[in-house]
Amino acid sequence: MKRKMGLLLALCCLLWACGGAAAAEEEFLYDAGREVAVYLDEMGRSYTTQESEQSDRFLIRYKPATSTTLEAVSVTAHVYEDFASVVGNNLVEPDTSDMLKLYQTLESVNDGVSFVRFLYDANAGVIYPRVDIPYVEDGDFGQMVERYLYLTALVVDQHYDELAALEK
């Protein structure tokens, strides 16, 4: 009797594990999103996913190393079928009374940064960081996205005080 119960329990666990793996695979819209999730899991990186009908979204929070005014740097990867867009949170609402100064400061910051760009969204009235990564098969897309998530957070950390000086 114990043997039958043990076999039944083992079978239930196996079915539950297989069902859980299938459900985990179904939660992503794109293969590229699955690649990112697999890499982040392999690296042991803590992340949260966000529901979206357009993309697979991965949010990672980093602790700033240089900025004394930021508690955390949140960066989100929006993963689509053929690319990923890594976007940081809206950083500051700049004073727009002197647009020339605003754009000169953004240009100066962007000149000293590789890959990631700080952009001003006139509709929302905010500055935020962004970088797009094209999907390349067999190019370890998950690793590329993870690296750009980290680089975006690093650049925000290093340049936040400079951008905060533009705030209203």
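Here the sequence shown stands for residues 29 to 196, where the numbers follow the numbering used here. Think of the CB as a built atom: it goes at the ideal place given N, C-alpha and C, for glycine as much as any other residue. In this text, all values refer to a predicted model and were calculated from it rather than measured experimentally.
From the options, pick the residue whose C-alpha is nearest to that of residue i; which is it?
| i | options | result |
| --- | --- | --- |
| residue 115 | 87, 99, 93 | 87 |
| residue 111 | 97, 82, 188 | 82 |
| residue 151 | 129, 122, 166, 145 | 122 |
| residue 118 | 129, 103, 131, 130 | 103 |
| residue 128 | 95, 194, 187 | 194 |
| residue 95 | 185, 196, 161 | 185 |
Residue i by DSSP, collapsed to three states: which one?
| i | result |
| --- | --- |
| residue 136 | helix |
| residue 170 | helix |
| residue 153 | coil |
| residue 67 | helix |
| residue 39 | At residue 39, the pLDDT of 46 sits below 50, so the modelled position is not reliable and the matter cannot be decided from this model. |
| residue 195 | strand |
| residue 164 | coil |
| residue 183 | helix |
List the DSSP bridge partners of residue i.
| i | result |
| --- | --- |
| residue 86 | 77, 105 |
| residue 100 | The partner list for residue 100 (beta bridge, DSSP) is empty, contrary to what the question assumes. |
| residue 21 | Since the first and last residues shown for the chain are 29 and 196, residue 21 lies out of range. |
| residue 147 | 156 |
| residue 56 | Answer is none; residue 56 lacks a bridge partner. |
| residue 115 | 104, 158 |
| residue 141 | Per DSSP, none; premise fails for residue 141. |
| residue 122 | 195 |
What separation, rounded to the nearest whole angstrom, lies between the Cα atoms of residue i and residue j?
| i | j | result |
| --- | --- | --- |
| residue 192 | residue 106 | 25 angstroms |
| residue 148 | residue 72 | 33 angstroms |
| residue 84 | residue 74 | 16 angstroms |
| residue 126 | residue 133 | 11 angstroms |
| residue 172 | residue 68 | 11 angstroms |
| residue 76 | residue 124 | 34 angstroms |
| residue 56 | residue 138 | 33 angstroms |
| residue 176 | residue 167 | 14 angstroms |
| residue 141 | residue 135 | 10 angstroms |
| residue 89 | residue 164 | 26 angstroms |
| residue 197 | residue 174 | Given a span of 29 to 196 for the chain in the structure shown, any question on residue 197 remains unanswerable. |
| residue 93 | residue 153 | 27 angstroms |
| residue 58 | residue 91 | 29 angstroms |
Are any of the Cβ atoms in chain B nearer than 8 angstroms to that of residue i?
| i | result |
| --- | --- |
| residue 61 | Given the protein chain composition of this structure (a single chain), no chain B is represented. |
Does the contact criterion of 3 or more C-beta pairs under 8 angstroms hold for the stretch 168-183 versus the stretch 141-157? yes
Three or more C-beta pairs closer than 8 angstroms, one from the stretch 59-74 and one from the stretch 92-108: is that the case here? yes
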